[in-house]
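S.K.: Sharing a structure here in structure tokens format.
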Amino acid sequence: MGSRLEGKVAIITGGASGIGEAHAHLYASEGAKVVVTDIQEELGANVVRAIEGEGGDAIFVRHDVTSEVDWANVVKTTVDQYGAITTLVNNAGVANFSGVEEETLEGFNRVVSICQTGVWLGMKACMPELKKSGNGAIVNISSLYGIIGTPSMVAYHGAKGAVRLMTKSAGLEYAKQGVRINSVHPGIIKTPLADTLTADYIAEITATTPLGCMGEPIDIATMSLFLCSDEAKFITASEFVVDGGWGAQ
Ligand SMILES: NC(=O)c1ccc[n+]([C@@H]2O[C@H](COP(=O)([O-])OP(=O)(O)OC[C@H]3O[C@@H](n4cnc5c(N)ncnc54)[C@H](O)[C@@H]3O)[C@@H](O)[C@H]2O)c1
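If you count by my numbering, then the sequence shown holds residues 28 to 276, one letter each, in order.
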């Protein structure tokens, strides 16, 4: 066990799988009390059991990030259990691959409500406790696709681009109130979400990634860990790309 997050209480949304799950393990292993939230209850409970088995301290809360009522419950449960909230990782997300004409209003709204509105709701719900902590940190998981465009993914690009600028706006708003807010922008990472991509798509991106492979969830969690730790005390309203160099081309 390390101590880079000693004394922190971290909420990690979408913590039952993939990048969020890696965050939950890593944060707990660095001394944070971890609140794993997700709509996938069984997987979320499994993550918490595994963390406890590793000697960490974590709880699971069932949570739909699009619901303001659920957010209020997450905040209350966290404060009841651990007495504070110092850290929020807005990670929950979904992708869909539809172009401008194929996309439906329902599909568009679903991606935006989870990937974009959910991030704002999380910052809003947790902010009073984060301010109270005097040393709060938020990491919003956007995507490389929140910085660059690709064809036929209109809702996802829109929502992830919005997360990038909401992060800058909120980071500036709270800079003098003791809360740092940054965004992380993963390239292609081996998770169940990436399993929804076609093999051809993955092969093409991997072949054109300068570092020559897909990323792993831990590569994203490691960046977030730094941003949520006190080591990053001079960093806010900024964006951090973790993509094997793909987006630089
Ligand atoms: N995997 C990649 O290549 C990649 C690349 C860039 C960005 N991202 C982003 O990283 C984040 C994590 O993705 P991942 O790859 O680990 O995917 P994943 O599917 O493994 O995990 C996403 C988690 O979010 C949860 N979730 C979905 N809707 C939710 C809701 N309404 N409320 C609460 N939880 C909900 C899912 O149940 C799941 O556990 C997402 O925001 C995604 O957009 C992923």
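Built from N, CA and C at the ideal position, the CB exists for glycine as well. Predicted model, so just to flag it, every value in this text is computed and none were measured.
Leaving aside the five residues before and after Ser179 along the sequence, list all residues of the same chain whose C-beta is less than 7 Å from its C-beta, in chain order.
M.R.: Residue numbering aside, residue 179 sits at position 152 when the sequence shown is read from its first letter. Phe124, Ser125 and Gly126, listed in sequence order.
S.K.: Any chance you could list the alpha helix (DSSP H) runs of at least 4 consecutive residues sitting entirely within the segment 109-143, in chain order?
M.R.: Runs of the alpha helix (DSSP H) inside the segment 109-143: 132-139.
S.K.: Just the C-alpha distance for Ile232 and Leu70, rounded to the nearest angstrom, thanks.
M.R.: In the sequence shown, counting from the first residue as 1, residue 232 sits at position 205. In the sequence shown, counting from the first residue as 1, residue 70 sits at position 43. Spanning the two alpha carbons is a distance of roughly 29 Å.
S.K.: Rank Leu220, Phe135, Val88 and Thr40 by C-alpha distance to the C-alpha of Thr104 and give the top, closest one.
M.R.: For this step, residue 104 is matched to residue 77 along the sequence shown. Comparing Cα-Cα distances from Thr104 to each of Leu220, Phe135, Val88 and Thr40, the minimum goes to Val88.
S.K.: Indicate whether the contact test is met: 3 or more Cβ pairs, each with one atom in the segment 171-185 and one in the segment 133-148, closer than 8 Å.
M.R.: Output reads yes: the segment 133-148 touches the segment 171-185.
S.K.: Can you tell me whether Lys159 is buried or exposed, with buried defined as 16 or more other CB within 10 angstroms of its CB?
M.R.: Sequence index remark: in the sequence shown, residue 159 carries index 132 (1-based). So Lys159 counts as exposed.
S.K.: Leaving aside the five residues before and after Ala275 along the sequence, list all residues of the same chain whose C-beta is less than 7 Å from its C-beta, in chain order.
M.R.: Numbered from its first residue, the sequence shown carries residue 275 at position 248. Here the set comprises nothing.
S.K.: Using a Cβ-Cβ cutoff of less than 6 Å, which residues in the same chain neighbour Ile245 once the five nearest sequence positions on both sides are dropped?
M.R.: Here the question's residue 245 lines up with position 218 in the sequence shown. Only Ala49 meet the Cβ criterion.
S.K.: Identify whether Arg31 lies in helix, strand or coil by the three-state DSSP scheme.
M.R.: Translated into the one-based positions of the sequence shown, residue 31 becomes position 4. Coil at Arg31, not helix or strand.
S.K.: Using DSSP's beta-bridge definition, name the partner residues of Ile208.
M.R.: Taking the first residue of the sequence shown as position 1, residue 208 is located at position 181. Paired residues: Ile165.
S.K.: Short of 6 Å in beta carbon distance, which residues of its chain neighbour Val106, apart from the five on each side in sequence? Order them along the chain.
M.R.: As a working note, residue 106 is residue 79 in the sequence shown. For Val106, where only same-chain residues beyond five positions count, there are no Cβ hits under 6 Å.
S.K.: If distances are taken between C-alpha atoms only, which option among Ile165, Asn136 and Gly47 comes closest to Ala197?
M.R.: Position 170 of the sequence shown, counted from the first residue, corresponds to residue 197. Of Ile165, Asn136 and Gly47, the residue nearest in Cα terms is Ile165.
S.K.: Do Gly82 and Thr114 come within 9 Å of each other at the CB atom, strictly closer than that value?
M.R.: Taking the sequence shown and counting its residues from 1, one reaches residue 114 at position 87. Taking the sequence shown and counting its residues from 1, one reaches residue 82 at position 55. The answer is no: Cβ separation not under 9 Å.
S.K.: Should the segment 30-38 be regarded as contacting the segment 252-264, the criterion being three or more beta carbon pairs within less than 8 Å?
M.R.: Yes, the segment 30-38 is in contact with the segment 252-264.
S.K.: Output the residue ranges of the beta strand (DSSP E) runs that lie fully inside the segment 181-206 and measure 3 residues or longer, sorted by chain position.
M.R.: Runs of the beta strand (DSSP E) inside the segment 181-206: none found.
S.K.: Around the Cβ of Val96, are there at least 16 other Cβ atoms within 10 angstroms (buried) or fewer (exposed)?
M.R.: If you number the sequence shown from 1, residue 96 lands on position 69. Under this definition Val96 is an exposed residue.
S.K.: Can you tell me where the beta strand (DSSP E) holding Asp222 begins and where it ends?
M.R.: Looking up residue 222 in the sequence shown gives position 195. That residue, Asp222, is in no beta strand (DSSP E); it is neither H nor E in DSSP.
S.K.: Are there 16 or more other CB atoms within 10 angstroms of the CB of Lys35, so buried, or fewer, so exposed?
M.R.: Residue numbering aside, residue 35 sits at position 8 when the sequence shown is read from its first letter. By the neighbour-count rule (16 or more Cβ atoms within 10 Å), Lys35 is buried.
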